[in-house]
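Counting in the working numbering, the sequence shown runs from 565 upward without gaps.
Don't be surprised by glycine CBs; every beta carbon is placed ideally from N, CA and C.
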Amino acid sequence: MLVVERIFDLDLQLIHDSIFLAINIFILFTFMSYLLFNPVRDMLNKRRERIQNDIETAGRNKDDAIALKAEYEAKLRDIDKEAEKILSEARKKALRREEEIVNGAKEEANRILERAHGEVVLEQKRAVDDMKKEMIRIASAMAGRFVTQTMDGKTQDILIEETLKEIGDSTWQN
């Protein structure tokens with residue numbers, strides 16, 4: 565029997581099987597790569613892109629939120645200014661209204677004073693007229709007593725008519 569020495573204890577069948585196994589593993593790896601690895605890679609790439617888009621969207625949203633915050637803060641400052649302006653206008657309006665009310669009250673007081681002064685003047689005239697009437701009545705009564713004692717009826721009538729003519733209508737109208 566002939567003994568062939570083997571290299572590293574490898575025989576020809578084992579080398580053939582090893583090469584065949586390596587080719588099959590390469591074919592299987594390539595086939596599985598197309599069937600499994602590529603879809604997984606695509607899914608991972610899509611996931612990476614979606615995450616990147618979400619990060620970019622979050623960044624834009626953050627920028628928008630910062631801009632909105634700044635806008636709202638500006639509006640709040642403007643609202644404070646506008647509220648102060650409205651309050652200032654309301655104060656001015658209240659002061660004008662107060663002034664109008666005070667002026668109206670002063671005018672009403674002046675009218676009341678004028679009316680009261682007019683009434684006082686009228687009362688004075690009435691008092692003077694009443695006093696004149698009373699003096700005339702007293703003088704007439706005294707003159708009547710004096711005349712009845714010293715004069716007769718005919719002389720009395722003549723004296724009364726002369727007195728009325730002397731006094732006239734203008735004296736009675738004052």
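Where R611 and I591 are concerned, what is the direct C-alpha to C-alpha distance, given to the nearest angstrom? 28 Å
Given this structure, state the Cα-to-Cα distance separating R655 from A680, to the nearest angstrom. 36 Å
Cα-Cα separation between A586 and L600, rounded to whole angstroms: 20 Å
Unbroken stretches of the alpha helix (DSSP H), 4 residues or longer, contained in the stretch 639–712: none
Please report the straight-line C-alpha distance between V567 and L578, rounded to a whole angstrom. Because the pLDDT of V567 is 46, which lies under 50, any placement of that residue in the model is unreliable, and the number read from its coordinates should be weighed accordingly. C-alpha separation (whole angstroms): 17 Å.
To the nearest angstrom, how far is it from the Cα of G682 to the Cα of D693? 16 Å
Alpha carbon of I583 to alpha carbon of D575, nearest angstrom: 13 Å
For the alpha helix (DSSP H) containing F593, name the first residue and the last one. 576–596
Taking its Cβ as the centre, do 16 or more other Cβ atoms sit within 10 Å of E730, making it buried, or is it exposed? exposed
For M565, the three-state DSSP class (helix, strand or coil): Bear in mind that a pLDDT of 40 at M565, under 50, signals an unreliable position, so the number given afterwards is only what the model happens to contain. Reduced to three states, the DSSP call for M565 is coil.
Helix, strand or coil for D716 per DSSP? coil
Once you ignore the five residues that flank E726 on each side, which residues in its own chain have a CB closer than 6 Å to its CB? none
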